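What follows is a short report on a single structure.
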Amino acid sequence: MEVKTWKIVTLVTGWQVAASLIYYAVFAATPFFRAELEVSRFLVGVVITAVTLGYAISLLPIGALTDKFGERRILTWGLLGISVAAVGVAVSWSYITLLVAVFFVGALYGTAMPGTNKAIFNKVPSNRLNFAMGVKQVGVTAGSGISAVLVTWIAGILFWEAGFYLAAGFAVAIAILFFVLYPPVEGTSEATYPDFRRLSQNRPYRSLVIAGFFLGAAIFTTTAYTVLYMEESIGTSVAIGGAVLALVQVTGSLGRVISGWICDRLPGSQRRRTAGVLLAQTTAGTVTFIAVMLAGSELLAAISFAVLGFFVLGNTGVYYSCLGSLVSSDEVGGATGGGQLAITSGGLFVPPLFGLAADTVGYWASWTLLALLVGLAGIFIIRVFRTPAPNEKSDKMRSIDSN
Numbered sequence: 027m028e029v030k031t032w033k034i035v036t037l038v039t040g041w042q043v044a045a046s047l048i049y050y051a052v053f054a055a056t057p058f059f060r061a062e063l064e065v066s067r068f069l070v071g072v073v074i075t076a077v078t079l080g081y082a083i084s085l086l087p088i089g090a091l092t093d094k095f096g097e098r099r100i101l102t103w104g105l106l107g108i109s110v111a112a113v114g115v116a117v118s119w120s121y122i123t124l125l126v127a128v129f130f131v132g133a134l135y136g137t138a139m140p141g142t143n144k145a146i147f148n149k150v151p152s153n154r155l156n157f158a159m160g161v162k163q164v165g166v167t168a169g170s171g172i173s174a175v176l177v178t179w180i181a182g183i184l185f186w187e188a189g190f191y192l193a194a195g196f197a198v199a200i201a202i203l204f205f206v207l208y209p210p211v212e213g214t215s216e217a218t219y220p221d222f223r224r225l226s227q228n229r230p231y232r233s234l235v236i237a238g239f240f241l242g243a244a245i246f247t248t249t250a251y252t253v254l255y256m257e258e259s260i261g262t263s264v265a266i267g268g269a270v271l272a273l274v275q276v277t278g279s280l281g282r283v284i285s286g287w288i289c290d291r292l293p294g295s296q297r298r299r300t301a302g303v304l305l306a307q308t309t310a311g312t313v314t315f316i317a318v319m320l321a322g323s324e325l326l327a328a329i330s331f332a333v334l335g336f337f338v339l340g341n342t343g344v345y346y347s348c349l350g351s352l353v354s355s356d357e358v359g360g361a362t363g364g365g366q367l368a369i370t371s372g373g374l375f376v377p378p379l380f381g382l383a384a385d386t387v388g389y390w391a392s393w394t395l396l397a398l399l400v401g402l403a404g405i406f407i408i409r410v411f412r413t414p415a416p417n418e419k420s421d422k423m424r425s426i427d428s429n
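Residue 201 in my numbering is what sits at position 175 of the sequence shown, and the numbering runs on without skipping anything.
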């Protein structure tokens, strides 16, 4: 890629790291929430639902505002807002105030996907789009991995709240740097919402959005319960559990970059290349959830989680690239927003069910649930692979007419 393109990708990825560091610190801190507030695993899942709910309901309005004002301003103010919300989590004095604080963390994190995706789609050449998207998505797993180590490590030295204070300070610095270095951009004259009626008539897009719900359930729930599972079921310390979660994020980052690189080099249409790789990832992910369930030692659990991270957390870059291949260029923003909303909705409803299953039956039932959901995602991805998108059909008809 050219130097100018690398600059954009680096700035956007750095922003994503800082934002995800705060957002996923909420997930890494679940053992401390449970211990300090003396709540059940189910109520821990409700905390994850609160942060995810904030994220879900903010996606569409923030996406429209991003189109109106441009990604530079939205991403800058969004990151500053997340920093304030992180401090709110640290100073929470009750379960209710914690729910309110994490809700605002999620709502302000909603600036991430519309703004960063808009930057990548608009400023990166099409022949490097999958790779650039994978690199940008590494910011999510990198931020999550750092938060897992930061929150659990610093809790052993000072107190768990210190991790949120440090993450907030780092995010403020990145927000200022981003605003100074990112090229000024112009927005549109008005904020508009995507045409969901038109998108809903796109059969492969509809199938991929449904798959996104199941994939999101797996991603958010795994991130929320890895540390707690390692502590309660495998018998490790919270610090070791945090290290395993960080390992999951590292392998997830590798999965995003490698899968994007593979997609750029496979033959065939963008839809079939990305859907094929995504299907392979979900198939392997189903198997690795069973492996996590059966792992009986610290080493086997760590290895199973590492492989799980590569295939399950490593699929989002390809997922977004596949979404973009199913719609016309002027629908990419709305299509991305709808796909992200599906992923987030999975994280909204499934974590409490996972916790409830662990409380009432055992963790084996919880991991089996995630394996089944990822398997269902694979079924819908097969439909994406086999069904041409409307824009592909139009291109084919134009080709026939020209002949």
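C-beta atoms are modelled at their ideal positions from N, C-alpha and C, and glycine is treated no differently. Just so it is clear, the structure is predicted and the values come from calculations on it, not from any experiment.
Whole-Å CB distance - residue 370 paired with residue 82, under 8 Å assumed: 4 Å
Distance check for residue 111 and residue 117, CA to CA, integer angstroms please. 10 Å
Going residue by residue through the segment 216-293, where are the continuous beta strand (DSSP E) segments of at least 3 residues, counting only ones entirely within it? none
Three-state secondary structure (DSSP) at residue 370? helix
Of the residues 39, 278, 44 and 320, which one's Cα is nearest the Cα of residue 193? 44
Rounded C-beta distance between residue 73 and residue 58? I'm assuming under 8 Å. With a Cβ gap of about 11 Å, residue 73 and residue 58 do not count as contacting.
Going by other Cβ atoms of all chains shown within 10 Å of its Cβ, with 16 needed for buried, is residue 123 buried or exposed? exposed
Across the segment 259-270 and the segment 317-334, are there enough close Cβ pairs to call them in contact, namely three or more that are closer than 8 Å? yes
Validate contact between the segment 392-400 and the segment 222-233 using beta carbons, cut 8 Å, 3 pairs: no
DSSP three-state assignment for residue 130, whether helix, strand or coil: helix
Below 8 Å on the Cβ atoms is my guess for residue 143 versus residue 241; work out the distance and round it to an integer in Å. So it is not a contact: roughly 17 Å between Cβ atoms.
Endpoints, alpha helix (DSSP H) assigned at residue 77: 67-95
Out of 161, 79, 109 and 67, point me to the one whose CA is closest to residue 125's CA. 79
What does the Cβ neighbour count give for residue 207, buried or exposed, with the cut at 16 atoms within 10 Å? exposed
Can you tell me whether residue 61 is helix, strand or coil according to DSSP? helix
Rounded to a whole number of angstroms, what is the C-alpha to C-alpha distance between residue 185 and residue 165? 26 Å
Cα-Cα separation, residue 225 to residue 158: 25 Å
Just the Cα atoms here: how many angstroms apart are residue 99 and residue 289? 32 Å
Given that a residue counts as buried once 16 or more other Cβ atoms are within 10 Å of its Cβ, and exposed if not, what is residue 312? buried
Would you decide whether residue 335 is buried or exposed? Buried here means 16 or more other CB atoms lie within 10 Å of its CB. buried
To the nearest angstrom, how far is it from the Cα of residue 414 to the Cα of residue 249? 34 Å
Please report how far the alpha carbon of residue 376 lies from the alpha carbon of residue 243, in whole angstroms. 6 Å
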